[in-house]
Amino acid sequence: MNTARDEIAQPKAAAPERVPFDFAKWWDRVGILMVLLALVILMSAIAPNFNRVDNLLNIARSISVNAILAAGMTIVILTGGIDLSVGSIIAVSGVVSVIAAMAGVPAPAAICIGLAVGAACGLINGALTAYLSLAPFIVTLGTMTFLRGLAYTITEGQPIVSSSLNFKDIGNGYLRGIPMPVIVMAVVYLIVWFILERTRYGRHVYAVGGNAEAAKLAGVRVKRVVTSVYILAGACAGLAGVIFAARVISAQPTAGTGYELDAIAAVVLGGTSLAGGRGRILGTLIGSVILGVLGTGLILLNVPFFTQLLIKGVVIILAVAIDSLKQRPGLFRFRRNAPPGMPGQ
Amino acid sequence: MSIRPPLLAVEDVSRRFGATLALNKVRFDLRAGEVHALMGENGAGKSTLMKILAGNIQRDSGRILIDGREVEIRSPIEAAAHGIAIIHQELNTVRDMTVAENLALGREPRTRFGTLDRRRMDEQAREKLARIHSTIDPRRPLGSLSVGMQQMVEIARAVGENARVLVLDEPTAALSRAEAQELYRIIGQMRSAGVGLIYISHRMEEVWQLADRVTVFRDGGYVGTGTLAQISPPDVVRMMVGRPVADLYHHDKRDPGATVLEVEGLAGTGVGPVNLSVRAGEVVCMAGLIGSGRTEVGRLLFGADPRTAGSVRIGGRPSRPADPFEAIADGIGMVPENRKEQGLFLDHSVEDNIAISSLDRFVAAGVVNRTERRDAVLTQMKRLSLRLNALSLPVKALSGGNQQKAALARWLLRDSRVLILDEPTRGVDIGAKREIYEEIDQLARAGKAILVISSDLPEAIGISDRLLVMREGKIVSELVSEKTSEEEVMLYATGTAAPGGNTGVQP
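Take a look at the structure:
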């Protein structure tokens, strides 16, 4: 070992480490949770019956479709992509699974078919994005329209009602008093959390979103990762479509219209960067809950539908604004700029 | 002090970031018509001072005087009003707009009807470019120009706005030799026109060629100022590092073993065919001008670009990577030329950055064992004397030198047999440079085959056993590093000498 090297290294290694309170970090961790808590407290105070158990379970059930969509959307957005087609996938997978069930396919298989249809749609999105290097916004805008058209074509524009739908329990059933969709949602979030936080694949997703070129040069197979995230988002949408069809006990070609935007809103509310590479799945769950609590609370308060939209829009912009302002030095001068011991360049 | 006050004077300026005193009562002065070099390691406070002068950040205390009058610089607009212009390392231009549009940005001339007056805009651009004797066509899209020419456009803009203080931050880092010469010419011209230039650079010979005076900062503090007659390069290095530095490139003689990397007829778009070999324990350096194809060869070997012909063997086994993933599996690691754009995930933690290419080592059934991963990363950080408590910091918070070490640590962790290091010390301070050189030497001694690409000639010669000089996509010369000189390398790199070498073997 060379002594000169140690000499040079030492002052840096021994730099004093006193980390000042880091607002940005704190906000990243729990900020959005605080917003949710404040909202819940507010709603409990002013909305009648808000914090009754059945109402809370209702909220949980009502958000489950959007939350499952948003889980898949989070993975896509973490790579710096976007998927606008998930709302249309809901319709297609719902239609296909209902038709399958009516043709005598057993419930578990019908559910799997819906999920597979979603994944197949995602494969199209992913392959076009990754291997033809097309912009995901445009690709999924196209498939959004195409798949909606497909749903209309299959159903000839009419809902297919099947009162004896064999998989309706996944939308309407309960397990020990907890609605089935809520259980499915919880399982989906557990799986996605595990994938993103604990697996090599998860690190690759973040790497692709953080810097695709660097990811490629670090040995990440970027095209495969990009393709796969759309497949996962498609599978989530397929599952959401099955639940939606089960909820309404029918196949609706109009199902899921506009849902992609609610899913994106939940992801962004949850603090995930649309530029990719930064964000967490738990944030998305909280974002979905906030949207659900807000929606239900406003209904309980008898706020007119038009006004609900106004409020929802303001909340989304506010949340994103806070997220962006906290990045700005000078606003909270005592943090960020440069970590201790490392003067800015 | 002379009767005339200096053009710019900085007196006892301090600035704190959180717990860090980034500038501690620094002094600096600039006279009209001089080039004043500001030197120091990364983190010495040079850039912080420049940001204050540019109005991007504010000082906490101290005074700034222009022509002897105290001024406040609260914004970039006020800086411009005081005649201060800064040419940043990362250029501040809009690539999709034309040269003229860039030069007119924010003050576009308009016709009587309020529409854009393109003809006058082009004329004004031509005038501005003529002032620095540049013949760039104002109607060309900026993005179609080389980095050097883009920089000329930025300088033309500063000159056109009658800047009296011009700050150049590492201006030659991305320039070819010819472009650098052109820049030196313009600097000379501006100096005679009475402009004061602050020149920030790590390149000693450049500073000695250009500057009238040198000021050195260290750890946010002022160390000293001297004219070139008063101090020598070793003095400056000592002032920067705070202690004497032995020969930067010194390494004991290495004893290379069997050939590890064998390349025959390798070609890709615009490069090749290239033949080369690197032995275990050998450091081979590819020298040449920017654009001579060195980076392309590295990328071909690493599977980052498609090859059109040629065979590559690593330890006797053929290597035909379709992408970097396969190249890594074949035992190659590459630190790319641009660490911020290609090498690192700036927002991600140091740990993630180092571990990303070796995750399979810590994975059982797809699940990452995080304790193992952390321990392995820490071992490499310790080896490169990176601060261990930086583990979970975003890598962008590190200095340039430490970022480069993190990029290198990724391949140490991977334990690649063949390492391609593209400009491993660009924008890195002397202390970190020295550590990187020592690590390269250690790696070679541990039996790695190392291929370095460097535009820094003293470095290229100093750290390598053999040199391969590239020109126009081909290797034109093979030289034993000990027996060659910068001049000889340049003869081959510029095509002044016919292809050849001093190894007795025709490349």
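Protein chains in written order, with the working numbering: chain E, 6 to 350; chain V, 58 to 564. Note that beta-carbon positions come from the ideal geometry of N, C-alpha and C, so glycine has one too.
Minimum Cβ-Cβ distance from residue i to chain V less than 8 Å
i: E/R66; result: no
i: E/R226; result: yes
i: E/Y157; result: no
i: E/E265; result: no
i: E/R57; result: no
i: E/T204; result: yes
i: E/E161; result: no
i: E/L330; result: no
i: E/Y136; result: no
i: E/Y235; result: no
i: E/Y211; result: yes
For residue j and residue i, the rounded distance between their alpha carbons
i: E/L137; j: V/T553; result: 44 Å
i: E/G178; j: E/V247; result: 13 Å
i: V/R467; j: E/N63; result: 49 Å
i: V/G360; j: V/R270; result: 47 Å
i: E/M54; j: V/A79; result: This sequence places Asn at residue 54 of chain E; Met is not what is there. Taking the straight line joining both Cα atoms gives about 56 Å.
i: V/V156; j: V/A463; result: 37 Å
i: V/A231; j: V/E394; result: 11 Å
i: V/I507; j: E/L41; result: 54 Å
i: V/G327; j: V/M107; result: 40 Å
i: V/D86; j: V/R248; result: 16 Å
i: V/A161; j: V/A111; result: 20 Å
i: V/I114; j: E/T289; result: 35 Å
i: V/R88; j: V/E480; result: 35 Å
Among the options, the one whose alpha carbon lies nearest that of residue i
i: V/G530; options: V/V509, V/G119, V/P375 and V/G348; result: V/G348
i: V/E184; options: V/L199, V/Q207, V/G558 and V/A213; result: V/A213
i: E/Q257; options: E/L222, E/A223, E/E161 and E/F55; result: E/E161
i: E/M190; options: E/G92, E/A112 and E/L287; result: E/L287
i: E/P164; options: E/G99, E/V122, E/L139 and E/M149; result: E/G99
i: V/L32; options: V/Y279, V/V273 and V/G277; result: The requested residue 32 of chain V does not occur in the structure, where chain V is confined to residues 58 to 564.
i: V/G245; options: V/D432, V/T316, V/H93 and V/E127; result: V/H93
i: E/V70; options: E/I51, E/V320 and E/R252; result: E/R252
i: V/G329; options: V/D362, V/V354 and V/K505; result: V/V354
i: V/Q287; options: V/W265, V/A555, V/D479 and V/R188; result: V/W265
DSSP-derived helix/strand/coil call for residue i
i: E/L137; result: coil
i: V/H93; result: strand
i: V/F651; result: The first residue shown for chain V is 58 and the last is 564, placing residue 651 of chain V beyond what the model contains.
i: V/V392; result: strand
i: E/V166; result: strand
i: V/V452; result: helix
i: E/A75; result: helix
i: V/V526; result: strand
i: V/E535; result: strand
i: E/K228; result: helix
i: V/M343; result: strand
i: V/D486; result: coil
i: E/P309; result: coil
Cβ of residue i within 8 Å of any chain E Cβ
i: V/A361; result: yes
i: V/I413; result: yes
i: V/Q208; result: no
i: V/G283; result: no
i: V/I518; result: no
i: V/G373; result: no
i: V/Q181; result: no
i: V/L416; result: yes
i: V/M438; result: no
i: V/H405; result: yes
i: V/D380; result: yes
i: V/V224; result: no
Min CB distance residue i to chain C below 8 Å
i: V/R467; result: Going by chain labels, chain C is absent from the structure shown, which instead holds the protein chains E and V.
### Query
Are the segment 253-264 of chain V and the segment 220-234 of chain V touching, with three or more C-beta to C-beta distances below 8 Å?
yes
### Message
Taking 8 Å as the cut-off, does the segment 236-252 of chain E touch the segment 74-87 of chain E (at least 3 CB pairs, one atom from each stretch)?
### Response
When C-beta atoms of the segment 74-87 of chain E are compared with those of the segment 236-252 of chain E, three or more pairs fall below 8 Å, so the two segments count as touching.
### Task
Kindly confirm or deny that the segment 458-475 of chain V and the segment 384-404 of chain V touch, where touching means at least three C-beta pairs closer than 8 Å.
yes
### Inter-stretch contact (C-beta, 8 Å, three-pair minimum) for the segment 271-283 of chain E and the segment 163-181 of chain E
no
### Task
Would you check if there are 3 or more beta carbon pairs closer than 8 Å linking the segment 365-372 of chain V to the segment 203-210 of chain E?
Counting Cβ pairs under 8 Å, fewer than three are found: no touch.
### Task
Would you check if the segment 207-223 of chain V and the segment 234-244 of chain V touch, i.e. whether three or more CB-CB distances between them fall below 8 Å?
With three or more CB-CB distances shorter than 8 Å, the segment 234-244 of chain V counts as touching the segment 207-223 of chain V.
### Message
For the pair the segment 80-100 of chain E and the segment 137-146 of chain E, tell me if three or more CB-CB distances fall below 8 Å.
### Response
yes
### Message
Three or more C-beta pairs under 8 Å: does that hold for the segment 455-462 of chain V against the segment 480-487 of chain V?
### Response
yes
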